[in-house]
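**Q** Heads up: the protein sequence lines correspond to chains A and B, in order. Using our numbering, the final residue of the first sequence is 241, and nothing's skipped along the way. Using our numbering, the final residue of the second sequence is 1424, and nothing's skipped along the way. C-beta atoms are modelled at their ideal positions from N, C-alpha and C, and glycine is treated no differently.
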Amino acid sequence: MQNSDIIKIENLTKRFHMGEGDFTALRNINLAFGKGEFTGLVGPSGSGKTTLLNIIGSLDNPTEGKAIVLGNSVSELTHKQSAVLRNFHIGFIFQTYNLLSVYTVFDNVEFALLLQKHTVTERQKMVMEALDWVGLADKAKSKPAQLSGGECQRVSIARAMVKRPEIVLADEPSANLDAANSHHIIQTMKKLNRELNTTFIFATHDEKVMLYLDRIIHLKDGMVEKDELVPESKTKSHVSL
Amino acid sequence: MIKFLFKGILNDKSRSLLPAIVVGLGVALTVLLHGWITGALGDSIEMNASFNSGHVKVMSRAYARDDAQMPNDLALLGADPLVSKLKNDYPDLDWVRRIRFSGLIDFPDEKGETRAQGPVIGWAIDLFSPGSTEIVRFKLQGAILNGKLPSKPGEALITSDFASKFKVKPGDSFTLFGTTMDGGMAFRNFIVAGTVRFGSSVVDRGAVIADITDIRKALGMEDAAGEIPGYFKDGGYNDTKATALMNDFNKKYQADKDEYAPEMIRLRDQGGMAEYLDIANAMGAIMVFVFVMAMSIVLWNAGLLGGLRRYSEFGIRLALGEEKKHIYRTLLYEGLLIGTIGSVVGTLVGLSASYYLQVVGLDMGDMMQRSTLMMPTLVRTRITPAAFYIGFIPGVFSMVLGNALAGIAIYKRNTAQLFKELEV
Chain A
1 MQNSDIIKIE NLTKRFHMGE GDFTALRNIN LAFGKGEFTG LVGPSGSGKT
51 TLLNIIGSLD NPTEGKAIVL GNSVSELTHK QSAVLRNFHI GFIFQTYNLL
101 SVYTVFDNVE FALLLQKHTV TERQKMVMEA LDWVGLADKA KSKPAQLSGG
151 ECQRVSIARA MVKRPEIVLA DEPSANLDAA NSHHIIQTMK KLNRELNTTF
201 IFATHDEKVM LYLDRIIHLK DGMVEKDELV PESKTKSHVS L
Chain B
1001 MIKFLFKGIL NDKSRSLLPA IVVGLGVALT VLLHGWITGA LGDSIEMNAS
1051 FNSGHVKVMS RAYARDDAQM PNDLALLGAD PLVSKLKNDY PDLDWVRRIR
1101 FSGLIDFPDE KGETRAQGPV IGWAIDLFSP GSTEIVRFKL QGAILNGKLP
1151 SKPGEALITS DFASKFKVKP GDSFTLFGTT MDGGMAFRNF IVAGTVRFGS
1201 SVVDRGAVIA DITDIRKALG MEDAAGEIPG YFKDGGYNDT KATALMNDFN
1251 KKYQADKDEY APEMIRLRDQ GGMAEYLDIA NAMGAIMVFV FVMAMSIVLW
1301 NAGLLGGLRR YSEFGIRLAL GEEKKHIYRT LLYEGLLIGT IGSVVGTLVG
1351 LSASYYLQVV GLDMGDMMQR STLMMPTLVR TRITPAAFYI GFIPGVFSMV
1401 LGNALAGIAI YKRNTAQLFK ELEV
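(1) In this structure, how does DSSP classify valine 224 (chain A) when only helix, strand and coil are distinguished?
(2) Flag asparagine 1011 (chain B) as yes if its beta-carbon sits less than 7 Å from any beta-carbon of chain A, otherwise no.
(3) Just curious, the beta strand (DSSP E) that aspartate 1080 (chain B) is in, first and last residue?
(4) Scan the stretch 1229 to 1290 of chain B and note each continuous alpha helix (DSSP H) run of 4 residues or more that stays entirely inside, going in chain order.
(5) Kindly indicate if chain A contains any beta-carbon less than 7 Å away from that of methionine 1001 (chain B).
(6) Go ahead and label lysine 1003 (chain B) buried or exposed: buried means 16 or more other beta carbons lie within 10 angstroms of its beta carbon, across all protein chains shown.
(7) So asparagine 1189 (chain B) packs on threonine 1175 (chain B), CB below 8 Å; how close in whole Å?
(8) Give the single residue among B:Leu1267, B:Asn1301, B:Ser1164, B:Ser1343 whose Cα lies nearest to the Cα of alanine 1049 (chain B).
(9) Give the range of the alpha helix (DSSP H) segment to which glutamate 64 (chain A) is assigned.
(10) So is glutamine 2 (chain A) in contact with chain B if we call contact Cβ pairs under 7 Å?
(11) Check the Cβ-Cβ distances between leucine 1320 (chain B) and every residue of chain A, and say whether any is below 7 Å.
(12) Find the nearest neighbour of glycine 1039 (chain B) within the set B:Gly1078, B:Lys1167, B:Val1379, B:Tyr1411, judged by alpha-carbon distance.
(13) Are the CB atoms of isoleucine 1215 (chain B) and alanine 1124 (chain B) nearer to each other than 7 Å?
(14) With H, G and I counted as helix, E and B as strand and the rest as coil, what does DSSP make of alanine 1075 (chain B)?
(15) Less than 7 Å between the C-beta atoms of isoleucine 9 (chain A) and leucine 31 (chain A), yes or no?
(16) Under 7 Å, do glycine 1303 (chain B) and glycine 1395 (chain B) count as touching if we go by C-beta distance?
(17) So for isoleucine 7 (chain A), helix, strand or coil by DSSP?
(18) Where does histidine 17 (chain A) fall in DSSP's three states?
(19) Which word fits glutamate 20 (chain A), buried or exposed, when buried means at least 16 other C-beta atoms lie within 10 angstroms of its C-beta?
(20) For the stretch 91 to 114 of chain A, enumerate the residues whose C-beta is nearer than 9 Å to any C-beta of chain B, in chain order.
(21) Enumerate in chain order the residues of its own chain whose CB-to-CB distance from alanine 1079 (chain B) is below 8 Å, with the five nearest sequence positions on each side excluded.
(22) Considering only residues of the same chain and omitting the five flanking positions on each side of arginine 243 (chain A), which have a CB-CB separation below 8 Å?
(23) Which same chain residues, not among the five before or five after serine 142 (chain A), have their C-beta less than 6 Å away from its C-beta?
(24) Locate the beta strand (DSSP E) running through alanine 179 (chain A), then write down its first and last residues.
(25) Quick one: grab the DSSP three-state call for methionine 161 (chain A).
(26) For valine 84 (chain A), go through chain B and note every residue whose CB falls closer than 8 Å to its CB, in chain order.
(27) Find the residues of chain A that neighbour glycine 1008 (chain B), judging by a C-beta separation of less than 7 Å, and give them in chain order.
(28) Is the CB-CB distance between valine 1208 (chain B) and valine 1192 (chain B) below 7 Å?
(29) Once DSSP output is grouped into helix, strand and coil, what is the label at phenylalanine 1174 (chain B)?
(30) For the stretch 1093 to 1108 of chain B and the stretch 1254 to 1261 of chain B, state whether three or more C-beta atom pairs, one from each stretch, are separated by less than 8 Å.
(31) If we define contact as Cβ-Cβ less than 7 Å, is aspartate 1314 (chain B) a contact residue for chain A?
(32) In whole angstroms, give me the CA-to-CA distance for isoleucine 6 (chain A) and asparagine 28 (chain A).
(33) Does the Cβ of glycine 1171 (chain B) have 16 or more other Cβ atoms within 10 Å, making it buried, or fewer, making it exposed?
(34) Got a sec: is the Cβ-Cβ distance from phenylalanine 1232 (chain B) to anything in chain A below 7 Å?
(35) Determine whether the Cβ of leucine 70 (chain A) lies closer than 7 Å to any Cβ atom of chain B.
(36) Name the chain B residues that come within less than 8 Å of asparagine 87 (chain A), Cβ to Cβ?
Put into structure tokens, the structure is as follows:
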């Protein structure tokens, strides 16, 4: 593992029991992700994108091989250690936002911090800062039902970012959004990626998202088909965010 | 975290309102039923103690064997010195002399001929001695329907149903026929001072209350008493104290083999009272158990439905790094909070209903006309200190148990499926 690599996938295979046989979702994957990357796992449905995100997010274990995240071998972590890894170091962004509908925007973002035992003052400051990053400080007291889809996804980004994790995993974050909102939220994430040097890994087949990626890993049938670095001049990274 | 949970409970009515209503209703019913049973059984025990059993009772051994038949030929002689001794040896109790008797009562017409006759049971109690506690114990003042309390020898009270049946009013005279202590025929004239209603059909249907001095004269029982009941001065019946007292007293007469020697028995030892006391004592625990079981099943189901509705919430919390154990614990905290809120509300409602029924009561006279149990026909609830906390046991416990059962599903959650589950 190079010093700058915070995620290292070595000879990783993941098989699922399906009826009488096994289904291989990932085959002999070898990948490394460095700090501050803005990378996409791209491929058709069933190519293994979400399975790989699951393993990196310590939600699942490899069948063979290793996934080392921030120095922790995922398969060797207990349930509690996995929870701690996710709680302190990994943020999640979902396709359907998954905000807690009975709580306000502030409460939703604050929840991630409650598990980390911050003081009330610290939480107040950190939540408002995160909402500021996504431009929703004025909606702190709103409920998710009062927000648009784009705004909900920005709250979801704030929730993922409020604890300043090293890694953010986003599964199809723009799938439910229109073009304008998709660009907006990707730009927001890109900005945070630059300012906070957070590693973003997307599972996507949205071309609008791909426009912003620095690195695109093409998966097909559970294997890495192509791993390409996108020259800065070809990405929208250079545009003013 | 508690504040966070509290906000969730307040904002999510389906998480809080239905379970709180179930808990509140269950708790209110527990409190009301506890008050009802405590009142009904308590009044019945108290009435039996006042009229018959005392908290403890001293009789001759021979009388004690056939206590229910009121065998006055086996009554204690030298009762007055014995009462003095009891008062001296056991000053924590109020000791009284009584004669229970049965006989025939005859109401004459204006010519002195028999107009009507009927069987009666009677209580000869101390009505005239200064400081006598019997008038208060029999609640005579409140029981008077017509007329007044006896104020001089030769006056007696008769019960209202009996008076109605024979068309008797205060001022009328009657003759009591009975059996003397020696087995001879006894009769004595009385004036009806007043009619009384005790609210117990078994008494009201035909009883006479007279002063013990008059009845002693009538039945030839000078210085004798069928029974010497004793009452704890500091409140109701106490089984532990009564047992200790009985053992102490009976030990003194152990060596005396005379069947007329005094013997003390407890309230528990008389006429099925043991079952009454045991039911009264166990009823709180029985009700708590029944309500815990019933409400737990309802709340378990509510918890399961809530768990299904909150499936994605738990998924998000797992993904965000909350441990399963922690989520489960927060569910229990929620149960504790909702259970406590429901229990407070339910207890207040239950106490209000109990208070109303304690003041007003419920007349069950029609249902108890043929009853042979000595219990008041106007049944009242009784609010005891236990009523203030008894509802919290089923309320909080069942809510926590319901959530605990429903929350087991959290442990079955597979984190590897979270992305898929959360993106439906």
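**A** On the basis of the data shown:
(1) Position 224 of the first sequence, counted from the first residue, corresponds to residue 224 (chain A). Valine 224 (chain A): strand per DSSP, three-state reduction.
(2) Along the second sequence, read from residue 1 onward, the residue named residue 1011 (chain B) stands at position 11. Yes, contact with chain A.
(3) Within the second sequence, residue 1080 (chain B) is the residue found at index 80, counting from 1. No beta strand (DSSP E) holds aspartate 1080 (chain B); the alpha helix (DSSP H) holding it covers 1079 to 1089.
(4) 1239 to 1252
(5) Residue numbering aside, residue 1001 (chain B) sits at position 1 when the second sequence is read from its first letter. Answer yes: the Cβ-Cβ gap between methionine 1001 (chain B) and chain A drops below 7 Å somewhere.
(6) Your numbering for residue 1003 (chain B) matches position 3 in the second sequence. Classification for lysine 1003 (chain B): exposed.
(7) In the second sequence, the residue the question calls residue 1189 (chain B) occupies position 189. In the second sequence, the residue the question calls residue 1175 (chain B) occupies position 175. The pair is a contact, with the Cβ atoms about 5 Å apart (cut-off 8 Å).
(8) Taking the first residue of the second sequence as position 1, residue 1049 (chain B) is located at position 49. Checking every option, the nearest Cα to that of alanine 1049 (chain B) belongs to B:Leu1267.
(9) Along the first sequence, one-based indexing puts residue 64 (chain A) at 64. Element bounds for glutamate 64 (chain A): not the alpha helix (DSSP H) but the beta strand (DSSP E), 64 to 69.
(10) By one-based count along the first sequence, residue 2 (chain A) stands at place 2. For glutamine 2 (chain A), the predicted structure reports a pLDDT of 44, less than 50, and the residue's modelled location is therefore unreliable. A value from the coordinates is still provided. Glutamine 2 (chain A) does not count as touching chain B.
(11) By one-based count along the second sequence, residue 1320 (chain B) stands at place 320. It does: the Cβ of leucine 1320 (chain B) has a partner Cβ on chain A nearer than 7 Å.
(12) Reading the second sequence from its first residue, position 39 is the one you call residue 1039 (chain B). Ranking B:Gly1078, B:Lys1167, B:Val1379, B:Tyr1411 by Cα distance to glycine 1039 (chain B) puts B:Val1379 first.
(13) For the purposes of this step, residue 1215 (chain B) is identified with residue 215 of the second sequence, where counting begins at 1. For the purposes of this step, residue 1124 (chain B) is identified with residue 124 of the second sequence, where counting begins at 1. Yes, Cβ-Cβ distance for isoleucine 1215 (chain B) and alanine 1124 (chain B) is below 7 Å.
(14) For the purposes of this step, residue 1075 (chain B) is identified with residue 75 of the second sequence, where counting begins at 1. Reduced to three states, the DSSP call for alanine 1075 (chain B) is coil.
(15) As a working note, residue 9 (chain A) is residue 9 in the first sequence. As a working note, residue 31 (chain A) is residue 31 in the first sequence. Closer than 7 Å, so yes.
(16) Indexing the second sequence from 1 puts residue 1303 (chain B) at position 303. Indexing the second sequence from 1 puts residue 1395 (chain B) at position 395. Their beta carbons are not under 7 Å apart, which means glycine 1303 (chain B) does not touch glycine 1395 (chain B) by this criterion.
(17) Your numbering for residue 7 (chain A) matches position 7 in the first sequence. Correct three-state label for isoleucine 7 (chain A): strand.
(18) Here residue 17 (chain A) corresponds to residue number 17 of the first sequence, with the count starting at 1. DSSP places histidine 17 (chain A) in strand when its eight states are reduced to three.
(19) By one-based count along the first sequence, residue 20 (chain A) stands at place 20. Answer is exposed; the Cβ neighbour count stays below 16.
(20) Gly91, Phe92, Phe94, Gln95, Thr96, Asn98, Leu99, Leu100, Ser101, Val102, Tyr103, Thr104, Asp107, Glu110, Phe111, Ala112, Leu114
(21) Taking the second sequence and counting its residues from 1, one reaches residue 1079 (chain B) at position 79. Contacts found: Arg1097, Asp1223, Ala1224, Ala1225, Ile1228.
(22) Residue 243 (chain A) lies beyond the range of chain A shown here (1 to 241); nothing can be said about it.
(23) Along the first sequence, read from residue 1 onward, the residue named residue 142 (chain A) stands at position 142. Result list for serine 142 (chain A): Val105, in chain order.
(24) One-based indexing of the first sequence puts residue 179 (chain A) at position 179. Counting along the chain, alanine 179 (chain A) falls outside any beta strand (DSSP E), though it belongs to the alpha helix (DSSP H) covering 179 to 196.
(25) Sequence index remark: in the first sequence, residue 161 (chain A) carries index 161 (1-based). The answer is helix: DSSP assigns methionine 161 (chain A) an H, G or I state.
(26) Along the first sequence, one-based indexing puts residue 84 (chain A) at 84. Per Cβ cutoff of 8 Å: Gly1321.
(27) Counted from its first residue, the second sequence places residue 1008 (chain B) at position 8. Chain A residues near glycine 1008 (chain B): Val102, Tyr103.
(28) Translated into the one-based positions of the second sequence, residue 1208 (chain B) becomes position 208. Translated into the one-based positions of the second sequence, residue 1192 (chain B) becomes position 192. Against a cut-off of 7 Å, the Cβ pair of valine 1192 (chain B) and valine 1208 (chain B) comes out as no contact.
(29) Walking along the second sequence from the start, residue 1174 (chain B) turns up at place 174. Strand.
(30) no
(31) For the purposes of this step, residue 1314 (chain B) is taken as residue 314 along the second sequence, with counting starting at 1. Just to set this straight, residue 1314 (chain B) is phenylalanine in the shown sequence, not aspartate. Not closer than 7 Å to any Cβ of chain A, the Cβ of phenylalanine 1314 (chain B) fails to qualify, so no.
(32) For this step, residue 6 (chain A) is matched to residue 6 along the first sequence. For this step, residue 28 (chain A) is matched to residue 28 along the first sequence. Each residue's alpha carbon lies about 19 Å from the other.
(33) For the purposes of this step, residue 1171 (chain B) is taken as the residue at position 171 of the second sequence. The residue is exposed, with fewer than 16 neighbouring Cβ atoms inside 10 Å.
(34) By one-based count along the second sequence, residue 1232 (chain B) stands at place 232. So no, phenylalanine 1232 (chain B) is outside the interface.
(35) On the first sequence, position 70 is the one that residue 70 (chain A) refers to. Chain B contact via Cβ: absent.
(36) Within the first sequence, the letter at position 87 stands for residue 87 (chain A). Ordered by position in chain B, the residues that pass the 8 Å Cβ test against asparagine 87 (chain A) are Leu1320, Gly1321, Glu1322.
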